[in-house]
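What follows is a single structure, written as structure tokens, with notes after it.
Protein chains: 2
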Amino acid sequence: MATLLDVSSKAGVSIATVSRTINKPSSVTPMTRHKVQAAIDALGYRPSRVARRLRVEHGSTHILGVIIPDIQNPFFAELVRGIEDVAQTNGYTLILANVDEDPVRQSRCLETLRTESVDGVIFPPVTGENASIRMLHEAGIPVVCVDRRMDTLECDTVVTDNIAGAKKAVTHLIQLGHRRIGYIGGMPIVSSSRERRMGYETALQEHGIPIDPDLICEGTRSKEQGRTLTHALMDISHPPTALLAGNNLMTLGVMATLRERQITIPEQVALVGYDDLPWNLALALNPPPTTVRQPTYQIGCRATRLLLSRIEEPQRPPTLVVLQPELKIRASCGSYITQ
Amino acid sequence: MATLLDVSSKAGVSIATVSRTINKPSSVTPMTRHKVQAAIDALGYRPSRVARRLRVEHGSTHILGVIIPDIQNPFFAELVRGIEDVAQTNGYTLILANVDEDPVRQSRCLETLRTESVDGVIFPPVTGENASIRMLHEAGIPVVCVDRRMDTLECDTVVTDNIAGAKKAVTHLIQLGHRRIGYIGGMPIVSSSRERRMGYETALQEHGIPIDPDLICEGTRSKEQGRTLTHALMDISHPPTALLAGNNLMTLGVMATLRERQITIPEQVALVGYDDLPWNLALALNPPPTTVRQPTYQIGCRATRLLLSRIEEPQRPPTLVVLQPELKIRASCGSYITQ
DNA sequence: CTGAAAGCGCTTACAG
DNA sequence: CTGAAAGCGCTTACAG
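For the protein sequence lines, the chains are A and B, in the order given. According to this note's numbering, the first sequence is numbered sequentially starting from 1. According to this note's numbering, the second sequence is numbered sequentially starting from 1.
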């Protein structure tokens with residue numbers, strides 16, 4: 001690899017001049033600029049980002065860190081795509097790590113990001129309190145929370161309105177005549193799950209339907225849990241006629257279980273799933289499920305722009321961005337009857 | 001952020017001793033070790049990876065670069081998961097970039113990886129020749145090709161046996177009695193597409209079925225192309241009774257188009273799709289498609305291990321790993337008749 | 001076993 | 001406009 005010294009000796013100038021030619025061409029004679037540029041081209045020289053970033057105390061690394069549970073979850077894949085597109089456009093590079101909701105792995109990865117001196121970190125927080133996050137904060141590395149909020153640390157956050165999303169879903173079911181609506185969702189320690197349940201309950205209350213604890217099931221977000229909880233819910237003495245599944249994985253578990261039990265959707269049980277599937281894949285499912293679609297790609301974009309703006313202006317007060325989800329009505333609830 | 005100097009002054013030793021305590025504890029008195037460790041703990045000190053990597057000519061950055069077309073494609077998501085899992089286990093961090101098959105973006109990203117001095121790069125090559133790749137090679141940065149091969153540069157490569165995969169699919173269709181089998185695949189500039197077409201043709205030949213150019217359609221890998229080519233194929237005077245779709249996106253396009261045209265699967269047209277869907281999502285489709293499943297996660301794992309071993313031993317001759325795909329028989333071809 | 005010093009490849013005041 | 005020099009935070013021969 002050619003180095004600054006190689007270029008400078010080839011061009012017959014000092015390394016400082018080469019550096020200036022690259023970083024502030026206007027500060028250099030056209031003549032010099034030309035000589036240096038020729039040497040750079042001849043050698044295929046590119047400044048080492050590694051060396052460059054060591055230089056200044058607050059030298060930018062132009063690297064952003066992203067920590068997610070699992071890139072194989074289409075929700076996070078879409079999120080990451082949004083993040084990376086904005087990052088790449090702005091000359092930033094992405095470090096990605098999967099941590100499977102494991103606090104130990106998460107801490108380890110956040111620690112790595114700190115020692116990498118990344119310019120910022122984007123991630124969906126698991127718990128309310130987190131030592132590693134605090135550490136990043138103290139190291140002056142800005143953090144943007146996506147999808148979920150922290151309840152302690154004040155930082156930029158981009159979420160969708162989960163309460164509104166779940167409310168829309170449940171209201172839709174109520175308007176179709178359902179009164180016994182089950183909720184199968186993720187753990188309440190995650191803010192998004194907590195809020196979706198809240199939206200579920202609010203919708204019921206607003207329509208004067210009592211909340212029946214028997215109809216509320218929560219578990220770790222997985223297809224398997226979706227199955228288990230569906231079985232549990234359909235086995236009670238007075239089972240629900242409609243279900244809200246709290247996320248994409250659980251929705252698939254619910255659908256698979258209902259199919260196994262030969263319970264037809266929407267005739268015997270109506271279903272709304274939280275989170276849409278990519279590629280319009282929902283349209284190919286049997287039946288195409290009505291879902292609450294989050295603007296996931298946009299969450300990624302907004303979060304990244306927020307992060308970049310904070311890198312520019314570290315003292316700006318924390319911003320909360322709340323995007324609106326959309327109810328995609330398909331075939332899993334039967335036909336839609338307007339109120 | 002605490003620095004080596006902070007620790008050394010707090011512990012009352014030189015920075016060299018602190019460095020040794022961290023990197024080679026046995027070279028230091030237990031007494032010293034203890035003092036230094038106490039200072040490290042008190043300050044929450046972690047060595048800067050940025051500074052560390054600048055030190056040695058061939059200093060490891062412990063970063064791997066991964067460049068893919070699109071993380072939203074479940075195939076690449078699974079691949080990346082395999083890569084990241086092995087990387088993380090071995091203390092490596094991942095830089096990820098999406099380039100959408102765009103040679104310009106790809107070159108730009110590879111260039112960035114070079115200036116980041118990553119320890120190695122994993123990616124599915126698009127074209128046969130690539131200047132940026134050569135550059136990485138010359139910069140001593142090892143490259144592992146996944147999913148597709150380069151025809152010029154000799155480097156470690158992990159692929160699946162695409163010829164065998166397509167052969168299995170087409171043989172399956174032939175055994176079910178089909179003679180007019182259409183092929184809808186990706187561009188032949190991509191080695192995997194080329195090989196799948198080759199497998200398709202080989203299977204026909206081995207069964208004495210003439211190859212009909214009218215039944216072969218190729219286009220850029222997308223759902224939209226899948227649609228267009230399906231229409232084209234079903235509009236010819238003597239349309240196929242079975243189809244092989246060359247990848248997951250095109251398979252979805254084919255299914256959607258057949259559904260639109262009210263052509264039933266498998267009764268009117270049998271279908272095998274290349275690439276499986278994650279989460280057993282295929283089982284939820286209508287109908288569940290028979291697919292050629294690649295061990296995608298394993299491709300990622302093997303590629304990463306290959307890369308790590310090459311970092312250890314740069315002179316080792318290039319290795320080609322060929323994994324075997326598997327035909328997952330589901331409902332889109334009708335019942336399976338053994339020969 | 002420990003410390004002083006050089007050096008990794010850059011950038012940026014500071015002189016001239 | 002240009003160059004000499006300091007310094008970013010480490011690691012590692014080289015002495016002692």
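Heads up, the beta-carbon is just placed ideally off N, CA and C, and yes, glycines get one too. As the structure is a computational prediction, the values presented were derived from the model and not from experiment.
- request: Enumerate in chain order the residues of its own chain whose CB-to-CB distance from Leu5 of chain A is below 7 Å, with the five nearest sequence positions on each side excluded.
  value: Within the first sequence, the letter at position 5 stands for residue 5 of chain A. Excluding sequence neighbours, Leu5 of chain A sits near Ile15.
- request: Classify Lys24 of chain A as buried or exposed, calling it buried when 16 or more other Cβ atoms lie within 10 Å of its own Cβ.
  value: If you number the first sequence from 1, residue 24 of chain A lands on position 24. Answer is exposed; the Cβ neighbour count stays below 16.
message: Between Ile71 of chain B and chain A, is any beta-carbon pair separated by less than 8 Å?
response: For the purposes of this step, residue 71 of chain B is taken as the residue at position 71 of the second sequence. Judged by the 8 Å Cβ criterion, Ile71 of chain B is in contact with chain A.
Pairwise C-alpha distance: Leu215 of chain A and Pro239 of chain A: Locating residue 239 of chain A in the first sequence gives position 239, where the first residue counts as 1. Locating residue 215 of chain A in the first sequence gives position 215, where the first residue counts as 1. Taking the straight line joining both Cα atoms gives about 8 Å.
task: Verify the CB distance criterion: does Pro47 of chain A have a CB-CB separation below 8 Å to chain B?
output: For the purposes of this step, residue 47 of chain A is taken as residue 47 along the first sequence, with counting starting at 1. With 8 Å as the cut-off, Pro47 of chain A counts as an interface residue toward chain B.
task: Answer yes or no: does any C-beta atom of chain A fall closer than 8 Å to that of Met31 of chain B?
output: As a working note, residue 31 of chain B is residue 31 in the second sequence. Judged by the 8 Å Cβ criterion, Met31 of chain B is not in contact with chain A.
- request: Return the CA-CA distance between Ser19 of chain A and Pro47 of chain A, expressed in angstroms with no decimal places.
  value: Position 19 of the first sequence, counting from 1, holds the residue named residue 19 of chain A. Position 47 of the first sequence, counting from 1, holds the residue named residue 47 of chain A. Their backbone Cα atoms lie some 9 Å apart in a straight line.
- prompt: The beta strand (DSSP E) spanning Arg194 of chain B covers which residue range?
  reply: One-based indexing of the second sequence puts residue 194 of chain B at position 194. No beta strand (DSSP E) holds Arg194 of chain B; the alpha helix (DSSP H) holding it covers Ser191 to Glu206.
- prompt: What is the rounded straight-line gap between the Cα of Ser117 of chain A and the Cα of Tyr183 of chain A?
  reply: Reading the first sequence from its first residue, position 117 is the one you call residue 117 of chain A. Reading the first sequence from its first residue, position 183 is the one you call residue 183 of chain A. Their backbone Cα atoms lie some 42 Å apart in a straight line.
- prompt: Touch check for the region 206-225 of chain B and the region 241-259 of chain B: three-plus C-beta pairs under 8 Å?
  reply: Cβ pair count under 8 Å is three or more, so yes.
- request: With a 10 Å radius around its C-beta and 16 neighbouring C-beta atoms as the bar for buried, classify Asn98 of chain A as buried or exposed.
  value: Counted from its first residue, the first sequence places residue 98 of chain A at position 98. Its Cβ being crowded by 16 or more others within 10 Å, Asn98 of chain A is buried.
query: Counting along the chain, where does the alpha helix (DSSP H) carrying Arg33 of chain B start and finish?
result: Taking the second sequence and counting its residues from 1, the one referred to as residue 33 of chain B is at position 33. Pro30 to Leu43 is the extent of the alpha helix (DSSP H) around Arg33 of chain B.
message: On the criterion of 16 or more Cβ atoms from any shown chain inside 10 Å, does Gly82 of chain A qualify as buried, or is it exposed?
response: In the first sequence, residue 82 of chain A corresponds to position 82, counting from 1. Gly82 of chain A is buried by the Cβ-count criterion.
message: Quick check on Ile174 of chain B: does DSSP put it in helix, strand or coil?
response: Position 174 of the second sequence, counted from the first residue, corresponds to residue 174 of chain B. Ile174 of chain B falls in the helix class under three-state DSSP.
task: Using a Cβ-Cβ cut-off of less than 8 Å, list which residues of the region 84-103 of chain B approach chain A; keep chain order.
output: Glu84, Asp85, Gln88, Thr93, Leu94, Ile95, Leu96, Ala97 and Asn98
- prompt: Closest by CA to Arg180 of chain B, which one among B:Leu243, B:Ile71, B:Ser192 and B:Thr152?
  reply: Along the second sequence, one-based indexing puts residue 180 of chain B at 180. Among B:Leu243, B:Ile71, B:Ser192 and B:Thr152, the Cα nearest to that of Arg180 of chain B belongs to B:Leu243.
query: By a C-beta neighbour count over all protein chains shown, 10 Å radius and 16 as the cutoff for buried, is Thr338 of chain A buried or exposed?
result: As a first step, residue 338 of chain A is located in the first sequence; it is residue number 338 there, counting from the start. Bear in mind that a pLDDT of 41 at Thr338 of chain A, under 50, signals an unreliable position, so the model cannot answer this.
query: Beta-carbon of Asn345 of chain A versus every beta-carbon of chain B: anything under 8 Å?
result: Outside the displayed range of chain A (1 to 339) lies residue 345 of chain A, so it cannot be described from this structure.
- prompt: Thinking C-alpha only, which one of A:Pro213, A:His207 and A:Arg259 is nearest His231 of chain A?
  reply: One-based indexing of the first sequence puts residue 231 of chain A at position 231. Of the candidates A:Pro213, A:His207 and A:Arg259, the one whose C-alpha sits nearest the C-alpha of His231 of chain A is A:Arg259.
query: Which of the three DSSP states, helix, strand or coil, is assigned to Ser14 of chain B?
result: Here residue 14 of chain B corresponds to residue number 14 of the second sequence, with the count starting at 1. In the three-state reduction of the DSSP assignment, Ser14 of chain B falls in the coil class.
field: Cross-strand partners of Asp156 of chain A (DSSP beta bridge)
entry: Position 156 of the first sequence, counted from the start, is the residue given in the question as residue 156 of chain A. In the DSSP output, where bridge partners are listed per residue, Asp156 of chain A has A:Val144.
- prompt: By how many angstroms is the C-alpha of Pro213 of chain A removed from the C-alpha of Leu308 of chain A?
  reply: Numbered from its first residue, the first sequence carries residue 308 of chain A at position 308. Numbered from its first residue, the first sequence carries residue 213 of chain A at position 213. Cα to Cα, Leu308 of chain A sits roughly 44 Å from Pro213 of chain A.
- prompt: Does the distance from the CB of Thr290 of chain B to the CB of Cys333 of chain B come in under 8 Å?
  reply: Locating residue 290 of chain B in the second sequence gives position 290, where the first residue counts as 1. Locating residue 333 of chain B in the second sequence gives position 333, where the first residue counts as 1. For Thr290 of chain B and Cys333 of chain B, yes; Cβs fall inside 8 Å.
task: Could you check how far apart the C-beta atoms of Leu320 of chain B and Val144 of chain B are, in whole angstroms? I think they sit under 8 Å.
output: Residue mapping note: residue 320 of chain B aligns to position 320 of the second sequence, counting from 1. Residue mapping note: residue 144 of chain B aligns to position 144 of the second sequence, counting from 1. With a Cβ gap of about 11 Å, Leu320 of chain B and Val144 of chain B do not count as contacting.
query: So what does Lys328 of chain B bridge to, in DSSP terms?
result: Numbered from 1 along the second sequence, position 328 holds the residue referred to as residue 328 of chain B. The secondary-structure analysis by DSSP pairs Lys328 of chain B across a beta bridge with B:Thr291.
query: Around the C-beta of Ile236 of chain B, are 16 or more other C-beta atoms found within 10 angstroms, so that it is buried, or is it exposed?
result: For the purposes of this step, residue 236 of chain B is identified with residue 236 of the second sequence, where counting begins at 1. Looking at its Cβ environment, which holds fewer than 16 other Cβ atoms inside 10 Å, Ile236 of chain B is exposed.
field: Test item: CB-CB of Pro69 of chain A and Glu101 of chain A under 8 Å
entry: For the purposes of this step, residue 69 of chain A is identified with residue 69 of the first sequence, where counting begins at 1. For the purposes of this step, residue 101 of chain A is identified with residue 101 of the first sequence, where counting begins at 1. Yes; because the gap between Cβ atoms is below 8 Å, this pair is in contact.
Chain B residues whose Cβ lies nearer than 7 Å to that of Pro278 of chain A: Here residue 278 of chain A refers to the residue found at position 278 when the first sequence is read from its first residue. Here the neighbours are Gln72.
- request: With 8 Å as the threshold, decide whether the Cβ of Lys223 of chain B is near any Cβ in chain A.
  value: Here the question's residue 223 of chain B lines up with position 223 in the second sequence. Judged by the 8 Å Cβ criterion, Lys223 of chain B is in contact with chain A.
- prompt: By a C-beta neighbour count over all protein chains shown, 10 Å radius and 16 as the cutoff for buried, is Met31 of chain B buried or exposed?
  reply: Numbered from 1 along the second sequence, position 31 holds the residue referred to as residue 31 of chain B. Met31 of chain B comes out exposed.
Residue nearest to Gln324 of chain A in terms of C-alpha spacing, selected from A:Ala203, A:Asn280, A:Tyr297 and A:His62: Counting from one through the first sequence, the residue named residue 324 of chain A turns up at place 324. Nearest option by C-alpha distance: A:Tyr297.
message: Is the beta carbon of Ala256 of chain A closer than 8 Å to that of Pro288 of chain A?
response: For the purposes of this step, residue 288 of chain A is identified with residue 288 of the first sequence, where counting begins at 1. For the purposes of this step, residue 256 of chain A is identified with residue 256 of the first sequence, where counting begins at 1. Not a contact, by the Cβ cut-off of 8 Å.
field: Simplified DSSP state of Ile236 of chain A, which is helix, strand or coil
entry: The residue labelled residue 236 of chain A in the question sits at position 236 within the first sequence. In the structure shown, Ile236 of chain A sits in coil (DSSP, three-state: anything other than H, G, I, E or B).
- request: Go through its chain and collect everything with a Cβ distance to Cys301 of chain A's Cβ below 6 Å, but skip five positions before and after it.
  value: Working through the first sequence from its first residue, we reach residue 301 of chain A at position 301. Cβ within range, chain order: Gly82 and Val86.
query: Taking Cβ positions only, does Glu267 of chain B come closer than 8 Å to chain A?
result: Here residue 267 of chain B is taken as the residue at index 267 of the second sequence, counted from 1. Chain A contact via Cβ: absent.
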